[in-house]
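Structure first, commentary second.
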DNA sequence: ATTAATTATAGCACAAATGCTATAATTAAT
DNA sequence: ATTAATTATAGCATTTGTGCTATAATTAAT
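Residue numbers (this note's numbering), protein chains in the order written: chain A, 1 to 94; chain B, 95 to 188.
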């Protein structure tokens, strides 16, 4: 797996190892759709059952969400699953 | 979040908590595409850098893979990301 | 039927996702 | 400018994803 280390900028930050670009693109896409559908993060949290902190962590690309979380997000946002992946990655990654 | 507990059938099995149906659908879709593209699990493992056991665990729906793993799979299989999500879930879930 | 290849399991170690709770920072309303 | 709402951080506990290695089970070749 092509892993990028997310080196901590501040002392105390965790070291996260995952694909930065994809996670970032997903974060942006999610936020875009959430806003378009007129939801606040809290609303998503409430309706999905996910925690508010988790929503924020995903939108700020701090974590690498799991498939089931992604399912729940699509369901809550009322969008088809593939919509959340409707973005381009750099050729190297795809 | 609509969570289904995967109750251990055999003594010693882990208890996994995630959305069974989605994970299962994804597993099937992944295998379908892998076969169609003419890959063995080992080839995917080798070319993706993911472990062979991980590929098997995903295809047998034993785990709830992360987004970065899904990215790597799409990239390795040479399919657009949304293709991996081209399946229908039950109305209750979507 | 044997053998080889492929797929599935298993257990361990470690990193990371998630919920929870609280708080800070930012943005929007008034 | 204050206040309210929203979003971002943080730390902790728990569960789980992932790699690794080995082995079993299944399937394909010969």
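Cβ coordinates follow ideal geometry from the N, Cα and C atoms, glycine included.
As the structure is a prediction and not an experimental result, all values here were calculated from the model.
Quick check on the DSSP output: the alpha helix (DSSP H) that includes residue i runs from which residue to which?
i: residue 163 of chain B; result: 161 to 171
i: residue 116 of chain B; result: 114 to 130
i: residue 52 of chain A; result: 52 to 59
i: residue 44 of chain A; result: 41 to 48
Rounded to the nearest angstrom, what separates residue i and residue j at their Cα positions?
i: residue 150 of chain B; j: residue 63 of chain A; result: 24 Å
i: residue 122 of chain B; j: residue 128 of chain B; result: 10 Å
i: residue 17 of chain A; j: residue 140 of chain B; result: 19 Å
i: residue 31 of chain A; j: residue 133 of chain B; result: 35 Å
i: residue 71 of chain A; j: residue 90 of chain A; result: 24 Å
i: residue 148 of chain B; j: residue 59 of chain A; result: 26 Å
i: residue 20 of chain A; j: residue 52 of chain A; result: 22 Å
i: residue 138 of chain B; j: residue 131 of chain B; result: 11 Å
i: residue 80 of chain A; j: residue 170 of chain B; result: 24 Å
i: residue 61 of chain A; j: residue 41 of chain A; result: 14 Å
i: residue 187 of chain B; j: residue 26 of chain A; result: Only weak support exists for where residue 187 of chain B lies, its pLDDT of 43 falling under 50; the value from the coordinates is given anyway. Spanning the two alpha carbons is a distance of roughly 21 Å.
i: residue 22 of chain A; j: residue 116 of chain B; result: 21 Å
i: residue 118 of chain B; j: residue 182 of chain B; result: 11 Å
Using 8 Å for Cβ pairs, my map puts residue i next to residue j. What's the rounded Cβ distance?
i: residue 50 of chain A; j: residue 69 of chain A; result: 7 Å
i: residue 176 of chain B; j: residue 78 of chain A; result: That belief does not hold up - the Cβ atoms of residue 176 of chain B and residue 78 of chain A are roughly 17 Å apart, past 8 Å.
i: residue 73 of chain A; j: residue 48 of chain A; result: 7 Å
Interface positions of the region 110 to 139 of chain B facing chain A (Cβ-Cβ less than 8 Å), listed along the chain: Residues are counted here when their Cβ sits less than 8 Å from a Cβ of chain A; for the region 110 to 139 of chain B these are 112, 113, 116, 117, 120, given in chain order.
Residues of the region 138 to 167 of chain B with Cβ closer than 8 Å to any Cβ of chain A, in chain order: Listed in sequence order: 142, 143, 144, 158, 159, 160, 161, 162, 163, 164, 165, 166.
Under 7 Å (Cβ pairs) to chain A, residues found in the region 170 to 181 of chain B: Listed by position, the residues of the region 170 to 181 of chain B near chain A (Cβ gap below 7 Å) are 175, 176, 179, 180.
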